[in-house]
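Chemist: Quick one: the structure is below, and I'll ask about it shortly.
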Amino acid sequence: MGAITLGRMTPYVFLAPAAAFMIVGLLYPIGYMVYASFLDWNPSQRIGEAEWIGLRNYVNLLQDDAFRESMFVTLKFASIVVSLEMLLGVGLALLLDREIRGVAVLRTIFILPMMIAPIVVGLMWRYMYHPTVGIFNRTLEDWGFQPIPWLSDANWALTSVIIADVWQWTPFIFILALAALQSLPRSALEAARIDGASAWQQIIYVKLPLMMPVLIVTALLRLIDAFKVLEVILVMTNGGPGLSTEILALRVYRTASEFRELGVAAAMSNYLLMLLLVLTVAMFIYNKVTEARAARLRQMAEKG
Amino acid sequence: MLKRTTQVAVTAGAMVLAAGTAIADPYEPYRGQTLVANFPAHPHYTAVMQVLSDFTEETGIEVEVDLLQYLKMREKQTLELTKNSGDYDLIAYVVFSKADYVYADQLENLAKYFMNPRLADPDYDAEDLIDGYVGNIGIAGGEKGYLPGPTGSLFGIPFGSETSILGYRKDIFDKHDLKVPETYDELLELACLIPELEPGMGGLASRAASGHHASHAFLLHLAPLGGRIFDENWEPIVNNEAGVAAAEALKTFVDCGPEGAQTFGFAEAGASFLQGQTAMFLDSTVFAGQVNDPEKSKVVGLVEWAPHPMGVRRGSQTGGFGIAIPKNAENKEAAFLLMQWLTSKHADKLIALAGGNPSRYSTHADAEVNKVYPHMATFGEALEYADPDWRPIIPVWGKINADLGTALSKVLTEDLDIQEALDGVAERTRAVMDEAGYYTWQ
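Going line by line, the protein sequences match chains L and G.
Heads up: the first sequence at position 170 corresponds to 170 in our numbering, and the numbers run straight through without jumps.
Heads up: the second sequence at position 412 corresponds to 412 in our numbering, and the numbers run straight through without jumps.
Here it is in structure tokens:
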């Protein structure tokens with residue numbers, strides 16, 4: 001009897017350490033944040049001294065114009081950067097997936113931006129965008145064009161920030177896409193070639209669909225990251241001019257450090273978390289649906 | 001034998017003498033203690049580091065300093081002060097932390113130290129400390145809660161404090177025979193005249209970047225132009241005539257300023273003046289130390305200083321740092337001795353000579369100091385008009401400040417109407433104040 005119970009218990013015993021780590025390392029901080037979001041808590045208080053205010057932080061945030069604007073900026077920023085980076089990254093991968101001399105060096109150079117510390121990237125771009133001594137405006141002036149107010153105009157500032165982010169993170173998509181390309185089944189590509197598919201047809205009908213699962217995960221990772229980008233924007237514009245580049249992560253940071261409202265900051269992070277969760281689940285469902293469809297098609301093909 | 005006796009007597013006499021001095025040494029009980037101070041990385045504290053060894057030599061009290069960038073310092077302190085037993089015996093704090101720390105009861109009230117005859121130096125001369133600074137940084141609990149008044153008391157002493165001052169390019173002013181502006185009308189006129197006289201040069205270097213910088217620049221003009229953020233009943237009046245005039249002044253300075261001024265922070269505004277791209281500079285005195293440093297400045301020897309011009313009244317900013325003893329400090333009495341020593345006439349002068357910002361009138365007037373830093377006397381004059389209430393020091397100020405700064409940035413970069421922008425700020429500010437309970441008694 002005892003032995004049987006022990007036998008049944010074995011898997012749980014082995015799982016226990018992992019579960020404990022999960023609870024301590026993951027659930028506890030998230031639970032702490034969720035709890036904090038119901039408090040009116042400033043950093044000079046201990047958490048126990050903070051007042052419980054229920055959902056007030058969440059309700060107030062929904063009516064807060066600055067929060068809504070920053071949510072909108074975040075969505076705009078994330079969708080534009082991720083689309084651009086996917087387009088460029090996958091494009092580059094398709095171009096460089098071949099045996100050219102020195103391609104290894106080229107690939108390494110391409111992924112360099114990703115390895116630079118974000119603060120440095122921010123500073124670098126800030127100086128390049130500098131209205132008078134920056135390289136962009138000096139070049140423009142040399143060529144006889146009007147200088148552009150890169151960071152001092154509300155419309156340009158977001159564009160400038162997007163350019164910097166695309167520069168830094170396209171390589172990430174590029175290496176993942178390249179890895180996906182190189183692990184594609186050669187047989188499928190060969191079959192396509194034998195059937196006389198053109199280069200474009202190979203890309204659109206064979207390579208991209210086969211890469212899709214990897215690309216979706218890549219896009220999701222980038223999207224999650226784009227929602228949380230902080231340092232580069234902090235250094236480049238600090239959210240300005242106005243609120244034109246104040247993405248949510250920056251707003252959370254300012255709420256916690258400048259406004260000293262830890263509860264509100266926690267509630268904001270939870271909104272961000274919920275948004276990301278919705279996106280992840282949507283991606284997951286989309287993935288499942290396409291997989292199911294592919295399986296159905298395969299079954300039909302096998303039957304036929 | 002006789003010789004030996006004499007020797008013994010001499011030794012004994014020396015010992016008695018030594019013991020005598022030891023009794024007269026108020027630092028004796030604390031000799032050998034080690035204090036931990038938390039200071040910001042800031043020109044004043046760089047100067048302080050140079051004189052700290054004098055303190056140790058004089059008193060036998062060791063001092064360790066944890067030097068942090070000032071925003072980091074504030075974050076670290078916030079956590080440190082909530083602990084049961086803190087690591088710091090003495091902290092430097094930014095002026096708006098006064099509201100947070102005092103409200104959370106985290107700083108020692110200094111009365112009991114100044115009452116203690118064993119600790120308080122009778123020659124300290126507190127009258128000599130600059131009033132505006134003491135009111136702004138040191139005292140809380142009086143008028144409006146954050147200012148001096150019958151119910152107020154002292155929690156800190158100004159140390160590394162700043163006021164606003166006008167720097168101008170003597171060579172440019174002489175070349176075009178311009179008069180140093182004394183009023184805002186003159187300043188505004190000059191700011192836009194200079195780019196015409198000297199193509200490519202901005203009139204006045206001002207900060208304007210979204211958030212704290214824009215708000216700071218606006219507040220600099222608000223007090224002299226007769227405005228305030230709140231009236232006596234905490235109703236926001238930032239959108240009244242004076243507020244609009246201050247915002248208009250800011251917009252004029254930025255529009256007639258150097259290229260890209262819309263995104264200038266303090267550093268960029270300063271750099272544009274140091275690089276010779278701007279003819280005037282109106283901001284904190286802390287900047288003055290760099291002007292004649294050939295490594296940072298292209299305008300060495302070309303800059304002179306004048307008091308912050310007057311609008312309908314005089315009112316220059318007050319800000320910077322103070323020092324205080326945390327409630328959870330371990331060596332409070334020794335910390336007080338260090339604090340008293342650092343802000344004494346003697347050390348204030350030493351620090352000023354090493355390039356710091358003095359907190360005393362006497363140091364500003366000191367001949368020796370003025371020989372090294374000729375602008376010190378002008379700064380001393382300006383300090384008489386230092387306005388301790390040029391910006392509210394209340395816990396919710398951070399949020400209002402950010403909102404004000406954002407709205408002003410929109411005025412500067414998106415051509416948002418000034419009245420509309422300030423009306424919005426006033427409305428949101430009222431909501432923040434309401435939630436914080438400022439209208440409970442109305």
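Idealized CB from N, CA, C, for every residue including glycine.
In this text, all values refer to a predicted model and were calculated from it rather than measured experimentally.
1) Please go through the same chain and pick out, in chain order, the residues whose beta-carbon is closer than 8 Å to the beta-carbon of G/G170, but skip the five residues on each side of it.
2) Which residues bound the alpha helix (DSSP H) around L/L273?
3) With a threshold of 7 Å between beta carbons, is G/Y27 in contact with chain L?
4) Does DSSP put G/G203 in a helix, a strand or coil?
5) Residues in the same chain with beta-carbon distance under 7 Å from G/F336, minus the five sequence neighbours each way, listed in chain order, please.
6) To which residues of the same chain is G/T378 closer than 8 Å at the C-beta, ignoring the five residues directly before and after it?
7) For L/P147, which residues of its own chain have a beta-carbon under 7 Å away from its beta-carbon, when the five flanking residues on both sides are left out?
8) Shortest alpha-carbon distance to L/V81 belongs to which of L/G134, L/V289, L/S160, L/A18?
9) So does the stretch 243-250 of chain L actually touch the stretch 67-82 of chain L, counting three or more Cβ pairs closer than 8 Å?
10) Assign L/V133 to buried or exposed, taking buried as 16 or more other Cβ atoms, counted over all protein chains shown, within 10 Å of its Cβ.
11) What number of angstroms, rounded off, separates the C-alpha of L/V90 from the C-alpha of L/A50?
12) Report, in whole angstroms, the separation of the C-beta atoms of G/G132 and G/A386, which I expect to be a contact under 8 Å.
13) So, are the CB atoms of G/G320 and G/E162 less than 7 Å apart?
14) Roughly how many angstroms lie between the CA atoms of G/L422 and G/A431, to the nearest whole one?
15) Indicate whether L/A177 and L/A93 have their beta-carbon atoms separated by less than 7 Å.
16) How close, in whole Å, do the beta carbons of G/G160 and G/N357 come, if the pair is a contact with beta carbons under 8 Å?
17) Determine the direct distance from the alpha carbon of L/I47 to that of G/G149, and round the result to whole angstroms.
18) Can you tell me the Cβ-Cβ gap for G/V299 and G/G315, rounded? I've got them flagged as a contact below 8 Å.
19) How many angstroms separate the CA atom of G/T318 from the CA atom of L/L26?
20) Tell me whether L/R251 sits in a helix, a strand or coil according to DSSP, three-state version.
21) Where L/W171 and L/M86 are concerned, what is the direct C-alpha to C-alpha distance, given to the nearest angstrom?
22) Closer than 9 Å by beta-carbon distance: list the chain G residues that pair up with L/L243, in chain order.
23) Alpha carbon to alpha carbon, what distance is there between G/P392 and G/E58?
24) Please report whether the beta-carbon of G/T252 lies at a distance below 7 Å from any beta-carbon of chain L.
25) Which residues, in order along the stretch 151-185 of chain L, keep a beta-carbon less than 8 Å from a beta-carbon of chain G?
26) Taking C-beta pairs closer than 7 Å, name the residues in chain L that G/T78 reaches, listed in chain order.
27) Mind reading off the beta-carbon distance from G/D128 to G/S362? Whole number of angstroms is fine, and I expect it under 8 Å.
28) Of all Cβ atoms in chain L, is any one closer than 7 Å to the Cβ of G/T343?
29) Taking the alpha helix (DSSP H) that L/Y35 falls in, what are its first and last residues?
30) At which residue ranges does the stretch 201-256 of chain L contain complete alpha helix (DSSP H) runs of 4 or more residues, listed in the order of the chain?
31) Suppose contacts are defined by Cβ-Cβ distances below 7 Å. Is G/L187 in contact with G/P181 by that definition?
32) At a CB-CB cut-off below 7 Å, which residues of chain G make contact with L/T332?
33) Could you compute how far the alpha carbon of L/A374 sits from the alpha carbon of L/E302?
34) Terminal residues of the continuous alpha helix (DSSP H) containing L/I119?
35) Strictly by DSSP, which residues pair up with G/P92?
Modeler: Let me spell this out:
1) Counted from its first residue, the second sequence places residue 170 of chain G at position 170. Here residue 170 of chain G turns out to be Lys, not Gly, going by the sequence shown. Within the same chain, G/K170 has close Cβ partners L302, V303, E304.
2) If you number the first sequence from 1, residue 273 of chain L lands on position 273. Element bounds for L/L273: 262-303.
3) Locating residue 27 of chain G in the second sequence gives position 27, counting from the first residue. No, its Cβ sits nowhere closer than 7 Å to a Cβ of chain L.
4) Walking along the second sequence from the start, residue 203 of chain G turns up at place 203. When DSSP states are grouped into helix, strand and coil, G/G203 belongs to the strand group.
5) As a working mapping, residue 336 of chain G is identified with position 336 in the second sequence. Counting only Cβ-Cβ distances below 7 Å, and skipping sequence neighbours, we find Y113, L119, I325.
6) On the second sequence, position 378 is the one that residue 378 of chain G refers to. Cβ within range, chain order: I165, W305, A306, P307.
7) As a working mapping, residue 147 of chain L is identified with position 147 in the first sequence. If we look at L/P147 and ignore the five residues flanking it on each side, its Cβ neighbours are P131, N137, L140, E141.
8) The sequence position of residue 81 of chain L within the first sequence is 81, counting from 1. The residue with the shortest Cα to Cα distance from L/V81 is L/S160.
9) These segments touch.
10) On the first sequence, residue 133 of chain L is found 133 positions in, with the first residue counted as 1. The residue is exposed, with fewer than 16 neighbouring Cβ atoms inside 10 Å.
11) In the first sequence, counting from the first residue as 1, residue 90 of chain L sits at position 90. In the first sequence, counting from the first residue as 1, residue 50 of chain L sits at position 50. Near 49 Å, if we compare the C-alpha coordinates of L/A50 and L/V90.
12) By one-based count along the second sequence, residue 132 of chain G stands at place 132. By one-based count along the second sequence, residue 386 of chain G stands at place 386. Contact between G/G132 and G/A386 holds: their C-beta atoms lie close to 3 Å from each other, under 8 Å.
13) Translated into the one-based positions of the second sequence, residue 320 of chain G becomes position 320. Translated into the one-based positions of the second sequence, residue 162 of chain G becomes position 162. Cβ distance < 7 Å, so G/G320 and G/E162 count as in contact.
14) Translated into the one-based positions of the second sequence, residue 422 of chain G becomes position 422. Translated into the one-based positions of the second sequence, residue 431 of chain G becomes position 431. The alpha-carbon of G/L422 is positioned some 14 Å away from that of G/A431.
15) Position 177 of the first sequence, counted from the first residue, corresponds to residue 177 of chain L. Position 93 of the first sequence, counted from the first residue, corresponds to residue 93 of chain L. Cβ atoms of L/A177 and L/A93: closer than 7 Å.
16) Translated into positions along the second sequence, residue 160 of chain G becomes position 160. Translated into positions along the second sequence, residue 357 of chain G becomes position 357. Contact between G/G160 and G/N357 holds, with the beta-carbon distance rounding to 6 Å and staying under 8 Å.
17) Translated into positions along the second sequence, residue 149 of chain G becomes position 149. Translated into positions along the first sequence, residue 47 of chain L becomes position 47. Rounded to whole angstroms, G/G149 to L/I47 spans 33 Å at the Cα level.
18) In the second sequence, the residue the question calls residue 299 of chain G occupies position 299. In the second sequence, the residue the question calls residue 315 of chain G occupies position 315. That belief does not hold up - the Cβ atoms of G/V299 and G/G315 are roughly 27 Å apart, past 8 Å.
19) Stepping through the second sequence from its first residue, residue 318 of chain G is reached at position 318. Stepping through the first sequence from its first residue, residue 26 of chain L is reached at position 26. Going from the Cα of G/T318 to the Cα of L/L26 covers about 46 Å.
20) The count along the first sequence starts at 1 and reaches residue 251 of chain L at position 251. L/R251: helix per DSSP, three-state reduction.
21) The residue given as residue 171 of chain L occupies position 171 in the first sequence. The residue given as residue 86 of chain L occupies position 86 in the first sequence. This sequence places Pro at residue 171 of chain L; Trp is not what is there. The straight-line gap from Cα to Cα measures roughly 10 Å.
22) As a first step, residue 243 of chain L must be located in the first sequence, where it is residue number 243. Counting only Cβ-Cβ distances below 9 Å, L/L243 has contacts in chain G at S210, T406, S409, K410, in chain order.
23) In the second sequence, residue 58 of chain G corresponds to position 58, counting from 1. In the second sequence, residue 392 of chain G corresponds to position 392, counting from 1. Going by C-alpha positions, G/E58 is about 40 Å away from G/P392.
24) Numbered from its first residue, the second sequence carries residue 252 of chain G at position 252. Contact with chain L is absent for G/T252, since none of that chain's Cβ atoms lies less than 7 Å from the residue's Cβ.
25) Within the stretch 151-185 of chain L, the residues whose Cβ lies closer than 8 Å to some Cβ of chain G are L151, S152, D153, A154, listed in chain order.
26) Translated into the one-based positions of the second sequence, residue 78 of chain G becomes position 78. Ordered by position in chain L, the residues that pass the 7 Å Cβ test against G/T78 are P43, S44.
27) Taking the second sequence and counting its residues from 1, one reaches residue 128 of chain G at position 128. Taking the second sequence and counting its residues from 1, one reaches residue 362 of chain G at position 362. Right, their Cβ atoms sit about 5 Å apart.
28) By one-based count along the second sequence, residue 343 of chain G stands at place 343. The beta-carbon of G/T343 is placed no less than 7 Å from the nearest beta-carbon of chain L.
29) The residue given as residue 35 of chain L occupies position 35 in the first sequence. 28-36 is the span of the alpha helix (DSSP H), which, as asked, contains L/Y35.
30) Entirely contained in the stretch 201-256 of chain L, the alpha helix (DSSP H) runs reaching 4 residues are, in chain order, 208-228, 231-236.
31) For the purposes of this step, residue 187 of chain G is identified with residue 187 of the second sequence, where counting begins at 1. For the purposes of this step, residue 181 of chain G is identified with residue 181 of the second sequence, where counting begins at 1. For G/L187 and G/P181, yes; Cβs fall inside 7 Å.
32) Outside the displayed range of chain L (1 to 304) lies residue 332 of chain L, so it cannot be described from this structure.
33) In the structure displayed, chain L extends from 1 to 304; residue 374 of chain L sits before or after that span and is not available.
34) Within the first sequence, the letter at position 119 stands for residue 119 of chain L. Element bounds for L/I119: 118-128.
35) Your numbering for residue 92 of chain G matches position 92 in the second sequence. What sits at residue 92 of chain G in the sequence shown is Ala, not Pro. Listed as beta-bridge partners of G/A92 by DSSP are G/I323.
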